[in-house]
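Trainee: Plus 199 on top of the position in the sequence shown (first one is 1) and you've got this note's numbering.
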Amino acid sequence: MSGTGSTHDEIMAEAERIKALGEASESQAPYEVNQPTIGTWLDAMGYDNERFRTGEAPPSMAQVWTMPGLGRRRPDDDPLSRMMEVLTAAGYTAVLGTNCEQSYERYLRVGDQLRVTTALDSVAGPKQTAMGEGYFVTSRNTWYVGDEKVATMLFRVLKFIPKEKA
Numbered sequence: 200m201s202g203t204g205s206t207h208d209e210i211m212a213e214a215e216r217i218k219a220l221g222e223a224s225e226s227q228a229p230y231e232v233n234q235p236t237i238g239t240w241l242d243a244m245g246y247d248n249e250r251f252r253t254g255e256a257p258p259s260m261a262q263v264w265t266m267p268g269l270g271r272r273r274p275d276d277d278p279l280s281r282m283m284e285v286l287t288a289a290g291y292t293a294v295l296g297t298n299c300e301q302s303y304e305r306y307l308r309v310g311d312q313l314r315v316t317t318a319l320d321s322v323a324g325p326k327q328t329a330m331g332e333g334y335f336v337t338s339r340n341t342w343y344v345g346d347e348k349v350a351t352m353l354f355r356v357l358k359f360i361p362k363e364k365a
């Protein structure tokens, strides 16, 4: 693809190519689900529940266990990162998180070892927004303990060209 001269058709063709890879990216959590991290998360959120102080993790923590964190990177084959690079090359340089939809199959338990797969779910655009012209990019993450699916997330961002200030 060529820099800022990329056309909508080129962007969508690359999106389809990345989508066809399916859940090409997989990451293993560096640590198993553990009580100290659960406790720290509860404290940071200002939330307390005895259930989560005694061996279970809040469902909304699923992503916490596999986030790259400081000093680590997403896998080179991460579909969301690949699509963002395509849009950046086409001149869509700004990012705005728009929404996240999560579902949980079961609570995580201390000792669970998670892995996550990532796929590109959809790319829609170009859309005219208050922020500027952009594409909505949705990725789909699925968390597993062994072969058991325990959580999913659709994560949508707007990758856009910022409007000129008046």
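Glycine included, C-beta positions come from ideal geometry on N, C-alpha and C.
Please name the residue, chosen from 356, 349, 315, that lies closest to residue 330 on a Cα-to-Cα basis.
Mentor: As a first step, residue 330 is located in the sequence shown; it is residue number 131 there, counting from the start. It is 356 whose Cα lies nearest to the Cα of residue 330.
Trainee: Okay, do the segment 230 to 238 and the segment 278 to 288 touch, 3+ Cβ pairs below 8 angstroms being the bar?
Mentor: As far as the Cβ criterion goes, the segment 230 to 238 does not touch the segment 278 to 288, which means the pair count is below three.
Trainee: Is it buried or exposed for residue 224, if we count other Cβ within 10 angstroms and need 16 for buried?
Mentor: The residue you call residue 224 lines up with position 25 of the sequence shown. Label assigned to residue 224: buried.
Trainee: Which residues in the same chain as residue 339 place their Cβ atom closer than 6 angstroms to its Cβ, once the five residues preceding and following it in sequence are excluded?
Mentor: As a position in the sequence shown, residue 339 is number 140, starting the count at 1. The answer, listed in chain order, is 318, 320, 353.
Trainee: Rounded to the nearest angstrom, how far is the Cβ of residue 227 from that of residue 314, given a contact under 8 angstroms?
Mentor: Residue mapping note: residue 227 aligns to position 28 of the sequence shown, counting from 1. Residue mapping note: residue 314 aligns to position 115 of the sequence shown, counting from 1. Indeed, because the Cβ distance is near 5 angstroms, the residues count as touching under 8 angstroms.
Trainee: If you draw a straight line from the C-alpha of residue 206 to the C-alpha of residue 294, how long is it?
Mentor: Here residue 206 is taken as the residue at index 7 of the sequence shown, counted from 1. Here residue 294 is taken as the residue at index 95 of the sequence shown, counted from 1. Their Cα atoms are separated by approximately 19 angstroms.
Trainee: What is the residue span of the beta strand (DSSP E) that residue 358 lies within?
Mentor: By one-based count along the sequence shown, residue 358 stands at place 159. Looking at the DSSP string, the run of the beta strand (DSSP E) that includes residue 358 is 347 to 361.
Trainee: For residue 351, I'd like the list of residues in its chain whose CB is within less than 6 angstroms of its CB, leaving aside the five on either flank, ordered along the chain.
Mentor: If you number the sequence shown from 1, residue 351 lands on position 152. Only 302, 341 meet the Cβ criterion.
Trainee: Which residue comes first and which comes last in the alpha helix (DSSP H) that contains residue 284?
Mentor: Along the sequence shown, one-based indexing puts residue 284 at 85. Taken as a continuous stretch (DSSP letters only), the alpha helix (DSSP H) holding residue 284 covers 278 to 288.
Trainee: So, helix, strand or coil for residue 242, using DSSP?
Mentor: Mapped onto the sequence shown, residue 242 falls at position 43. Residue 242: helix per DSSP, three-state reduction.
Trainee: Please identify the residue among 237, 312, 209, 216 whose C-alpha is closest to the C-alpha of residue 256.
Mentor: Against the sequence shown, residue 256 aligns to sequence position 57. Cα-wise, what sits closest to residue 256 is 237.
Trainee: Starting from residue 218, trace the alpha helix (DSSP H) both ways and give me its first and last residue.
Mentor: As a working mapping, residue 218 is identified with position 19 in the sequence shown. Note, residue 218: alpha helix (DSSP H), 207 to 219.
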